[in-house]
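Presented below is the structure to which this report refers.
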Amino acid sequence: MYKVLGMAASRALRVLWMMEELGLEYEHLAHMPRSKEMLDINPSGKVPALLVDGQVILDSVAIMQFLADKHDDLTYAAGTVKRAQQDSFTQFINDEIDAIIWCAARNSFVLPKDKRVPEIKDTLKWEFTRSMDILGKRLGDNEFLMGDKMTVPDILLTHCGGWARIAGFEIPDGPMRAYFKRMIARPAYLRAFALRDAK
Ligand SMILES: N[C@@H](CCC(=O)N[C@@H](CS)C(=O)NCC(=O)O)C(=O)O
Numbered sequence: 000m001y002k003v004l005g006m007a008a009s010r011a012l013r014v015l016w017m018m019e020e021l022g023l024e025y026e027h028l029a030h031m032p033r034s035k036e037m038l039d040i041n042p043s044g045k046v047p048a049l050l051v052d053g054q055v056i057l058d059s060v061a062i063m064q065f066l067a068d069k070h071d072d073l074t075y076a077a078g079t080v081k082r083a084q085q086d087s088f089t090q091f092i093n094d095e096i097d098a099i100i101w102c103a104a105r106n107s108f109v110l111p112k113d114k115r116v117p118e119i120k121d122t123l124k125w126e127f128t129r130s131m132d133i134l135g136k137r138l139g140d141n142e143f144l145m146g147d148k149m150t151v152p153d154i155l156l157t158h159c160g161g162w163a164r165i166a167g168f169e170i171p172d173g174p175m176r177a178y179f180k181r182m183i184a185r186p187a188y189l190r191a192f193a194l195r196d197a198k
C-alpha cells in the first residue's frame with residue numbers, strides 16, 4: 000500500500016488529493032517537516048514523500064505525476080503534444096506561483112530571522128497578480144487548465160491558490176477565482192482537506 004508522509008497542512012495535501020481523486024488505498028503518516036521521520040528518508044527534512052514498494056519518492060509534483068502515469072488518469076500520455084502542453088502548465092505554476100508564495104513564506108517564517116527580507120513581499124504580490132492574470136488568459140472559458148480533462152497541474156494550481164489566500168495574496172476577481180471555487184468543491188478535495196484535522 001502507498002504511504003504518504005507529511006502533514007496535510009503542507010504540499011502533502013496535493014498528494015492526498017491525488018490519492019482521493021484516483022480512488023487509491025493509502026496510509027497517511029502526518030509527519031512534520033524536519034521531523035526525525037522525514038530526516039530519516041530525506042536529507043532536507045521536507046514533506047511530502049511517498050513510500051512505494053520499499054522505495055522513496057520525494058517532491059510533490061514528481062509524486063503526483065508518478066501516480067497519474069501509473070494509474071493512467073489525470074494526465075495525458077508521455078510523448079504526446081497534449082502531455083507537453085500539460086507539463087508546460089505544471090512548470091509555469093511551479094516557477095510563477097509556487098516559487099512566489101514559497102519565497103514569501105521563507106521571508107516570513109522559514110528562514111532564520113537575520114536572513115529574511117520582509118520588504119520583498121510587495122514585489123511578490125505584484126508578481127502573483129501578474130501570474131494569475133496570465134493563467135486566467137490561458138484558462139479562458141475552459142473548466143480545467145487542459146480543457147475538459149482535469150490533470151495534475153489543476154491539483155497543483157488549486158493547492159497553490161488556497162495556500163496563497165492563507166498567505167495574504169489576493170486572488171483577482173474573474174476566471175481564476177471562479178476556477179478555484181469549482182475545484183475546491185470537488186468531493187475528493189474535501190476528503191483530503193479534512194485530513195488537516197487528523198492527528
Ligand atoms: N518542491 C518540494 C517542496 C517541499 C517543501 O518545501 N515542503 C515544505 C512544506 S510545504 C517543507 O517541508 N518545508 C520545510 C523546510 O523548508 O525546511 C515539493 O513540492 O514537495
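Position 113 of the sequence shown, counted from 1, bears residue number 112 in numbering that gives the first Met the number 0, the numbering being contiguous throughout.
Note that beta-carbon positions come from the ideal geometry of N, C-alpha and C, so glycine has one too.
Since the model is a prediction, treat every value here as computed from it, not as a measurement.
Integer Cβ distance of residue i from residue j, believed to fall under 8 Å
i: Leu15; j: Leu194; result: 6 Å
i: Val46; j: Arg10; result: 7 Å
i: Met131; j: Ile183; result: Between Ile183 and Met131 the Cβ distance is about 16 Å, and since that is not below 8 Å, they are no contact.
i: Cys159; j: Asp97; result: 5 Å
i: Met250; j: Gln64; result: One cannot answer for residue 250 here, as it falls past the ends of the chain, which runs 0 to 198.
Under the three-state DSSP convention, the category residue i falls into
i: Tyr1; result: strand
i: Arg185; result: coil
i: Thr89; result: helix
i: Gly167; result: coil
i: Leu66; result: helix
i: Gly78; result: coil
i: Ala8; result: coil
i: Gly160; result: helix
i: Leu73; result: coil
i: Ala197; result: coil
i: Asp172; result: coil
With 16 other Cβ atoms within 10 Å as the buried cut-off, status of residue i
i: Met149; result: buried
i: Met175; result: buried
i: Arg13; result: buried
i: Thr89; result: buried
i: Thr74; result: buried
i: Ile165; result: exposed
i: Val80; result: exposed
i: Ala103; result: buried
i: Asp153; result: buried
In chain order, which continuous runs of the alpha helix (DSSP H) of length 4 or greater are located wholly inside the stretch 22-62?
35-40
May I have a chain-ordered list of the alpha helix (DSSP H) segments no shorter than 4 residues that lie completely inside the stretch 107-156?
Runs of the alpha helix (DSSP H) inside the stretch 107-156: 119-138.
Quick check on the contact list: which residues have their beta carbon closer than 5 Å to a heavy atom of ligand 1?
Ser9, Arg10, Pro32, Lys45, Val46, Asp58, Ser59
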